Structure formats: C-alpha cells, structure tokens
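**Q**
Residue numbers (our numbering), protein chains in the order written: chain G, 5 to 364; chain C, 223 to 542; chain A, 2 to 309.
(1) Nearest to residue 416 of chain C by alpha carbon, out of C:337, C:284, C:293 and C:434?
(2) Pick helix, strand or coil for residue 72 of chain G, following the three-state DSSP scheme.
(3) Which whole-angstrom value is the C-beta distance of residue 297 of chain C and residue 310 of chain C, which I expect to be below 8 Å?
(4) Distance check for residue 343 of chain G and residue 336 of chain G, CA to CA, integer angstroms please.
(5) Mind reading off the beta-carbon distance from residue 100 of chain G to residue 184 of chain G? Whole number of angstroms is fine, and I expect it under 8 Å.
(6) Whose CA, out of A:289, A:46, A:285 and A:301, lies closest to the CA of residue 102 of chain A?
(7) In whole angstroms, what is the alpha-carbon distance linking residue 292 of chain G and residue 84 of chain G?
(8) Go through its chain and collect everything with a Cβ distance to residue 17 of chain G's Cβ below 7 Å, but skip five positions before and after it.
(9) If we cut at 8 Å on Cβ distances, does residue 432 of chain C have a partner in chain G?
(10) Compare the C-alpha of residue 205 of chain G against each of G:260, G:144 and G:265 and name the closest.
(11) On the DSSP bridge assignment, give the partners of residue 38 of chain G in chain order.
(12) With 9 Å as the C-beta to C-beta threshold (strictly closer), list the residues of the region 357 to 368 of chain C near chain A in chain order.
(13) Would you be able to state if there are at least three C-beta pairs under 8 Å between the region 117 to 129 of chain G and the region 55 to 68 of chain G?
(14) Could you check whether the Cβ of residue 281 of chain A sits closer than 8 Å to any Cβ belonging to chain C?
(15) I'd like to know if residue 493 of chain C contacts chain A, where contact means its C-beta is closer than 8 Å to some C-beta of that chain.
(16) Report the three-state DSSP secondary structure of residue 352 of chain G (helix, strand or coil).
(17) Go through its chain and collect everything with a Cβ distance to residue 291 of chain A's Cβ below 6 Å, but skip five positions before and after it.
(18) Using only CA atoms, which one of A:222, A:46 and A:257 lies nearest to residue 71 of chain A?
(19) Counting only Cβ-Cβ distances shorter than 7 Å, please list the residues of the region 305 to 338 of chain C near chain G, keeping chain order.
(20) Consult DSSP for residue 96 of chain A and reduce its assignment to one of helix, strand or coil.
(21) Quick one: is residue 80 of chain G near chain C, going by C-beta distance under 8 Å?
(22) Could you check whether residue 326 of chain C and residue 426 of chain C sit closer than 8 Å to each other, using their CB atoms as the reference points?
(23) Please list the terminal residues of the continuous alpha helix (DSSP H) segment that includes residue 188 of chain A.
(24) In the DSSP assignment, find the unbroken alpha helix (DSSP H) run with residue 526 of chain C in it and report its ends.
(25) Going along the chain, which residues of its own chain have a beta-carbon closer than 8 Å to the beta-carbon of residue 313 of chain C, five neighbours each way excluded?
(26) Three or more beta-carbon pairs under 8 Å between the region 400 to 414 of chain C and the region 519 to 529 of chain C, yes or no?
(27) Please state if the CB of residue 68 of chain A and the CB of residue 86 of chain A are separated by a distance shorter than 8 Å.
(28) With a threshold of 8 Å between beta carbons, is residue 29 of chain G in contact with chain C?
(29) How many Å lie between residue 26 of chain A and residue 323 of chain G at the Cα?
(30) CA-CA distance, residue 59 of chain A and residue 301 of chain A?
(31) Could you tell me if the beta carbon of residue 383 of chain C falls within a distance shorter than 7 Å of some heavy atom in the ligand NAP?
(32) Are the C-beta atoms of residue 306 of chain A and some chain C residue less than 8 Å apart?
(33) Quick one: measure Cβ to Cβ for residue 259 of chain A and residue 283 of chain A, integer angstroms, because I've assumed they're closer than 8 Å.
(34) If distances are taken between C-alpha atoms only, which option among C:486, C:476, C:354 and C:448 comes closest to residue 424 of chain C?
(35) Is the beta carbon of residue 239 of chain A less than 8 Å from the beta carbon of residue 109 of chain A?
(36) Taking C-alpha atoms, which residue in A:244, A:261, A:250 and A:253 lies nearest to residue 475 of chain C?
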C-alpha cells in the first residue's frame with residue numbers, strides 16, 4: 005500500500021457506527037473526529053456503553069456486523085480505509101495498524117500454542133521462515149518482558165499467568181512493526197500490580213518504535229501520565245478533547261468534571277463519601293439531537309434538552325461540547341439556578357454542592 | 223495415560239451392565255427357552271433335552287450369566303441352532319462389509335459437512351446458509367431407506383451407472399467393490415451429513431464470536447486461514463464427539479441399508495436372524511453391537527481429551 | 002405464579018444465529034434475520050400444522066372416508082398411474098394406493114402417538130422426579146438410562162421384537178418403552194434448570210411442600226419443552242415404524258403401512274416408481290412437518306435445549 009509518510013498517522017472524520025437492531029438504531033459511535041500523530045498517544049475515556057470499544061474497532065475498520073451502518077472517513081497516512089475491500093485491509097492490519105484486546109484469556113486461541121499464534125503474522129506478512137522466524141519470535145517475547153521465551157512458545161495460553169498472556173498479545177500486535185497501535189482496555193482484566201507493568205511496557209514499545217497509540221479505557225488513572233491528549237466520550241459522542249494536562253487541570257465539560265471529582269484521593273479524610281456521577285448510563289437508542297448528558301448534569305438548562313451542543317474550541321487546543329461549561333460564568337450561573345430550583349432542566353434533583361451527590 | 227486409567231472403571235462397569243442386559247433378554251422369554259431356541263420344527267423331545275443339557279439351561283441365572291460372559295470374553299458366542307454355524311464366525315465374516323459401508327458413509331459425510339458447515343457459519347444468514355440450513359433440515363426428515371430408493375431410482379434404474387444390489391469383496395475386485403458400496407454408503411451418508419453440518423455450523427457460529435477470532439482479523443490474517451486454523455479446531459472437537467455418538471445411528475442405518483441392497487453385512491444378519499427367530503445369533507450380535515458402541519465412544523472420549531488442550535490441562539485452566 | 006409465561010403474540014424464530022450481543026460487535030459474523038424472514042417462517046409453520054391436521058384426520062376417519070377397501074385387489078388394474086379411478090394409482094396387487102395411504106396413516110400415528118405418550122408420561126415423570134430430588138435415585142436412574150442408551154435403538158428394537166412378536170399394540174408399547182430414557186433425560190435437564198429459577202425458590206421459601214413445588218411450579222414449566230420434544234420424537238418414531246414395516250417386521254401384512262407400501266413399491270421401482278414414491282412423499286412430509294413444528298416449539302419453550 006502506498007502511503008504518504010508525511011501525513012498524520014490517522015485522521016478520523018465524523019465517524020459514525022450505528023447498529024440497526026430490533027429495538028431501534030443503536031448509535032454506538034455518533035460523529036467522532038480525531039487525529040493521531042506518530043509518536044503521540046491519544047487516550048479515549050468513557051464508561052461502559054460510551055461507545056469507546058466500538059470506536060476503537062471502527063477506527064481499525066474492524067466492524068463487520070451485517071446490521072452496522074458506518075459513515076465518516078478514516079484516513080491512514082493519506083489512504084482512505086473506509087470502503088477498502090477485505091483483501092486489501094488484510095495487509096493493513098498487522099502491518100500498519102494493530103490492536104491489543106481487553107481480556108488476554110479470550111483473545112488468545114485456547115487450542116493453539118503461543119508460538120503458533122505468534123508465528124502466523126510473521127510467516128504470512130513478513131515471509132519469515134525457519135531459524136530466522138524462531139529468532140524473531142524469541143526476541144519479540146523477550147522484548148515484551150517474557151523470560152525463557154523458548155519454553156513459552158510451546159505453551160498453551162491457559163498455562164500462562166494473566167500478565168504474561170497480555171504481554172504475548174502485545175508481542176503479537178507488535179510483531180510486524182505496525183505504526184499505529186490501538187489498545188482497548190489493555191489492563192482492565194489484570195491485577196492492579198500487573199497493570200502498571202503492562203502500561204509501562206506499552207509506553208516503552210511505543211517510544212522505541214515511534215508508533216502512534218490510541219489507549220481506550222474507563223480509568224482516568226490509566227491515561228493520567230501516559231497520554232498526550234485525551235478524548236472523553238459519552239453516549240457515542242466526544243464531549244471533551246484536550247491535552248492531558250489541560251484536561252486534568254481545567255476540565256470544562258460537566259461529565260469530565262464529575263469523573264475527575266469521583267476519583268477517590270489518598271488525601272481524603274477517612275469516611276469521605278465517594279462522589280459518583282448521578283444517574284445511569286444512557287440507552288444508546290433514541291437519544292436524539294440533544295445533549296446526551298443532560299439527564300445527569302448539574303448544569304443542565306432548557307437549551308440542553310432542545311439542542312445538541314457541538315464541539316467548540318475554548319482555550320489552547322481544547323474543545324468541549326457544552327452550552328454551560330464548568331468553570332465558566334455561564335456554567336456557574338447555571339448550577340446556581342438549578343440548586344435554587346432543586347432540579348435541573350431534565351428533572352434530576354440537584355442539591356447544594358459537596359458530598360450529597362448520590363446515585364438515584 | 224492417567225486419563226485412560228481413570229476412565230477404565232466406569233467403562234468396565236458399563237460393559238458388564240450392557241452384557242448383563244443382553245443376556246437377560248433370553249431369560250425374558252415366555253415359555254420354554256429350549257423350544258424357542260430350536261424353533262417349532264426341530265423341537266423334538268430328544269433335541270430339547272440335548273439343548274437343555276448343552277446350554278445347561280437348568281442352572282441358576284447368575285451362574286449362566288457368568289459362564290456366558292466368560293465364553294464371550296474368550297470369543298465363544300455360541301452356536302446357532304438354525305444355521306449350525308458359530309456365531310462368532312458368522313459375525314466376523316460379515317463385519318468387514320458393515321465397517322466398510324459405515325466408514326465410507328461417515329467419511330463422505332464429513333468430507334461434505336466440514337466445508338458446508340464452515341461456509342454457512344461464516345456467511346450465516348446469507349443465501350448459502352439458508353439453503354444449507356433448509357436443506358439439512360429436510361435431509362434430517364428423510365429416512366435412509368427412502369434416500370436409498372431415490373438414489374437407486376436415479377443411479378441404478380434410470381442411469382444404470384451403479385448396481386442396485388449385490389456385493390463384491392475388496393479382495394476380489396476393488397473397482398466392483400467400490401461400485402457396489404457407493405450407493406449404500408451414500409444413502410447412509412446423507413443422514414449423517416445433515417447432523418454434522420448442523421452441528422458444525424452452530425458450533426462455529428459460536429466460535430466465530432470469540433475474541434481470538436477478532437484478534438486474528440486484527441493481525442491481518444486472511445479469511446480462509448482464520449476459518450481453517452482458528453475456528454475449525456475448537457469446533458472440530460464437538461464434531462468428533464458427535465461422530466462417536468452417531469456411530470450408533472450408522473449401525474442402525476446399516477441394518478436397513480444392508481437389507482435393501484442385499485449386502486452380506488452384520489446388519490442384514492441381524493434382520494435375517496430376527497425373521498428366523500434365531501435367538502442365539504440375535505443375542506450374540508446384540509452383544510457385539512452394544513460393546514462396539516461403548517468402546518467406540520470410550521475411544522472417542524480418550525482421543526478428545528488428548529487432543530483438546532483445554533481438557534488436557536483441565537486442572538491448570540483455573541489459574542489466572 | 003408458576004404459570005408458563007406466554008407472550009401475547011410470540012415472534013416465531015428466525016433460523017439464524019443467536020441474538021446480537023449488546024455491543025453489536027461481531028467481527029466475522031452478521032446480525033439477526035430481518036422481519037420478512039420471520040413472517041415466512043410463520044407461514045411454513047402453519048403449513049406444517051395443516052398437513053399434520055390432514056394426516057390426523059385420515060387416521061381418525063379412515064374407516065368412514067369414501068375410499069375403497071385398502072386390501073381389495075384388482076389385479077387387472079395393477080400398477081396404475083394416478084387417474085380419476087385411482088387418485089394415487091395402485092400397487093403391485095391392484096390395491097388402491099390412496100386407500101392404503103389413508104389407512105397407513107392410522108398405523109403410523111397410532112404407533113407414534115402411543116409410544117410418545119407412554120415414553121413421555123413415564124420418562125417425563127421419572128426425569129422430573131430425578132431432577133428434583135437428586136440424590137441416590139437420580140444417580141442410579143441416570144446410570145441405568147445411560148446403559149440403555151448405549152444400545153443403538155433399532156438393534157434393541159429388533160432384538161425385542163424377535164422375542165415378543167409383532168402386533169400393533171406390542172410394537173407401540175415396545176417403542177414407547179424404549180423411548181423412556183430419552184424423555185427422562187430431557188425432563189431431567191429441564192427440571193434442573195427450572196428448579197433453580199427464582200419463582201421456585203420463592204414458593205419454597207413461602208413454605209410450599211416438595212410435592213406442591215413439583216406439581217405447581219416445576220411441572221408446568223417442564224411439560225412444555227418435553228412436549229415440544231415429543232413432537233420431534235413422533236417424527237423419529239414414524240421413521241422407526243416405517244423402517245420396521247419396510248423390513249417386514251411391523252404389523253403383519255396385508256395391513257397397510259407406509260413402510261410396507263414403500264417396500265412393496267421397491268419391487269416395481271424400474272417400471273412404476275410412483276408406487277414407492279407416493280408413500281415416501283407422505284412419510285417425508287409428515288416427518289418434516291413434525292420436525293419443523295417441534296423445532297419451533299422447542300426453541301420457544303425449552304430451557305436448556307442446547308443440552309440435549
């Protein structure tokens with residue numbers, strides 16, 4: 005595939021992935037735009053059901069559902085991936101872009117040995133054989149931190165620990181030297197102690213290979229020190245986009261603010277009540293052209309349930325989709341109005357600030 | 223090896239129980255067993271006494287059972303009073319025919335079912351799948367003898383390519399043997415084919431939803447590779463188990479098919495013995511059939527647990 | 002409380018893959034069937050029921066229907082093709098095929114119905130009790146069942162017939178008896194699944210006795226899948242009886258049976274194939290309808306259908 009080396013690694017424009025189900029149209033991804041540059045890491049943060057996993061797969065052009073309706077453009081190094089036939093995509097996956105899945109126990113084939121699964125793409129894409137193939141595999145395994153690689157090659161997935169398995173999937177993803185790596189909740193299924201090792205591993209590999217990376221997660225802690233830019237997703241839409249530091253320092257979208265506030269801190273007094281984001285994740289069917297977060301938002305005003313806020317710039321490289329953003333005059337006034345009225349425009353009860361934010 | 227040893231006790235228990243049941247059948251008879259065994263024509267008082275003495279029919283049931291079992295274990299299944307032939311010899315003579323037809327049937331069925339099942343699973347909901355699913359559903363409703371008749375009508379009567387009856391041993395003429403075996407095997411294969419296809423399709427649809435298939439895609443592996451290497455292997459294990467279970471159905475089918483095509487197999491022997499009320503022979507055949515079925519499934523079980531890594535290391539799978 | 006839940010207008014199944022998972026992510030697989038296909042399935046279902054109705058009607062009213070004597074031979078008219086006099090032709094002995102078909106329906110249905118009723122009532126009860134009480138009874142019963150199932154069916158049937166002889170009632174009962182193990186398994190599997198459901202637990206907590214639990218909570222929910230299975234089983238037994246008849250081991254000739262007709266027709270395959278093909282078609286359609294209807298009902302009702 006002929007690519008443009010100068011172009012940004014990935015440019016996604018107004019990506020939509022809808023699923024036509026008996027219940028209605030599930031708008032899992034509803035208009036997402038992002039850019040990934042070489043060597044940079046983008047974090048995509050959202051709850052379950054926010055559409056972040058579907059987004060990851062859409063960006064990789066890996067959605068095959070018969071009832072999936074996809075639109076928008078995904079351009080990899082100047083080459084449009086949407087509409088590419090399967091036989092061409094086969095050479096993009098693995099070689100140019102690659103994915104690490106959430107649960108290594110299910111993403112590795114339990115009936116095949118590790119070596120067999122690692123060898124496939126090397127054999128097929130790079131044409132490696134014999135001794136060269138074996139050496140490449142052991143080197144690869146060693147580079148992801150697996151000791152005694154020769155022994156592991158003969159093992160089956162269930163004979164390895166969780167962390168080891170995830171290292172293997174990372175090795176598989178990196179095998180053919182892709183330039184873009186999408187990691188979908190790579191540490192969620194692992195022990196906390198192992199999580200950090202894996203994240204560090206990903207970071208190291210990214211630096212070494214100068215790859216672009218997309219890190220999808222629900223955990224703000226994961227993206228905190230490891231991403232250059234963060235996209236916050238809610239109900240299939242991007243509600244805020246900012247460089248990492250900026251996001252943590254001055255989040256503007258009420259959802260982001262709520263997420264940040266809900267992180268328990270070591271410095272809290274004992275028995276501090278945990279703050280949660282009130283309400284439940286939205287049903288992705290039938291949201292309509294309104295703000296999806298309004299039913300749970302302390303700032304929500306009538307305008308929010310009539311119009312859909314678009315992403316608007318505010319600050320250096322900082323975008324958010326909100327009419328009454330947090331930390332602004334309009335936002336603060338909106339909250340006060342709601343507290344006075346006792347509820348927000350969508351009927352959710354709003355109490356004075358602090359700890360009394362309890363899930364309904 | 224440990225897996226084999228672990229399974230031996232239940233196997234032995236099952237074999238014993240099965241053999242006991244088989245033996246019991248003779249004792250269920252109303253009336254005089256000696257008379258039944260000889261048949262009305264030959265039932266003269268002297269011969270009745272001779273039979274009673276030879277088979278020691280006056281001994282207690284458990285004693286007779288143990289003796290019978292002991293004989294059977296050493297290969298002596300008794301002598302038929304109708305044909306005056308050793309049961310064992312009669313069966314051994316005919317076993318190759320039955321095994322050949324049954325084996326060919328299963329072979330044909332697998333040969334067709336595997337690609338069909340894979341394709342309809344991969345493109346499930348599509349036109350190919352609908353045809354395959356509808357087709358196998360219909361095939362399931364066709365008894366083997368009906369299929370045989372249709373095949374005979376087309377290939378033997380109308381086209382004249384293949385014989386409708388008769389058998390040639392392999393040792394005599396391979397070509398003729400295959401020609402004679404083709405229609406019977408095909409008749410049996412059709413029913414098996416439907417079962418295997420349905421099973422493989424349904425199993426593979428489940429397998430194709432697994433994450434490791436998505437990963438294989440994300441690696442850039444081409445479709446045929448994913449289907450054959452990643453998807454077929456886990457699904458083939460359930461297929462193997464079902465093949466083992468279906469051996470019973472194949473044995474059942476050969477009874478009719480052999481009679482229909484006039485093949486000298488064990489199935490036809492059974493039918494003929496039933497016609498003639500040749501009880502010793504029937505009992506011997508029943509034992510052989512039941513034991514083979516149990517043994518086949520035992521072997522399938524062992525092979526399965528040996529091949530499927532998830533089972534083989536079952537104990538370690540719990541570790542995360 | 003223990004009522005089986007029936008939606009007012011149940012959607013009939015789509016013969017396709019399982020439901021889409023919430024994520025909608027199927028890397029290699031498409032989604033559910035469109036509504037048009039479901040409607041088509043509905044039509045086929047009622048066609049099947051319709052055919053079965055015809056067969057039952059024939060079986061019930063065979064004697065009073067205006068068809069000639071099934072055993073009446075008109076040698077001069079043998080092997081006639083369908084015509085005004087003989088709507089479905091005649092067989093090798095000049096007997097009217099239509100009449101024989103109608104009377105044959107009686108045999109097929111009687112055998113299969115009796116066998117299924119016997120098997121279901123005995124096997125179903127045994128299985129339900131075993132699945133409910135567990136313990137020694139369950140273990141022993143299942144071992145015995147597994148041993149009986151170790152015998153390939155037809156073989157066992159033939160063996161038994163060799164010993165007990167042939168007649169309509171005997172055959173029906175023997176087949177029924179032999180099918181008990183399968184129903185036991187189905188009933189037990191369903192009982193195990195149902196017994197764990199909340200409404201059973203709730204009734205138990207409210208102080209219902211075991212017997213009451215069995216009859217009021219569990220039985221209604223087990224009966225339906227077992228009956229759905231019974232429909233499919235009827236098809237199997239019709240084939241079984243047909244096979245026996247084909248081998249000449251069913252009800253004694255000259256009684257009209259579908260299998261017997263097919264066997265008779267085999268002799269004339271080269272000259273008059275219709276003699277064998279017509280009863281074959283009848284048997285095929287009947288079994289197909291039973292399979293289809295039973296399959297649809299099984300998918301709707303069976304709690305653990307995958308585990309049969």
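Quick reminder that beta carbons are idealized off the backbone N, C-alpha and C, glycines included.
Given the structure is predicted, the values throughout are model-derived calculations rather than measurements.
**A** From the atom records:
(1) C:337
(2) strand
(3) 6 Å
(4) 11 Å
(5) Confirmed, Cβ separation roughly 7 Å.
(6) A:285
(7) 29 Å
(8) Excluding positions up to five away in sequence, the list reads 37, 76 and 77.
(9) yes
(10) G:144
(11) G:16
(12) 359, 360, 362, 363, 364, 365, 366, 367 and 368
(13) no
(14) yes
(15) yes
(16) coil
(17) 232, 235 and 236
(18) A:257
(19) For the region 305 to 338 of chain C, which is checked against every Cβ of chain G, not one residue is closer than 7 Å.
(20) In this structure, residue 96 of chain A counts as coil in the three-state DSSP scheme.
(21) no
(22) no
(23) 169 to 196
(24) 501 to 529
(25) 299, 488, 491, 506, 507 and 510
(26) no
(27) no
(28) no
(29) In this predicted model, residue 26 of chain A has a pLDDT of only 34, less than 50, meaning its place in the structure is not dependable enough to derive any value.
(30) 29 Å
(31) The ligand NAP is absent from the structure shown, which contains no ligand whatsoever.
(32) Confidence at residue 306 of chain A is low in this model, with a pLDDT of 43, below 50, so its placement is unreliable and no value can be given for it.
(33) Contact flag correct, Cβ pair sits at about 6 Å.
(34) C:354
(35) yes
(36) A:244
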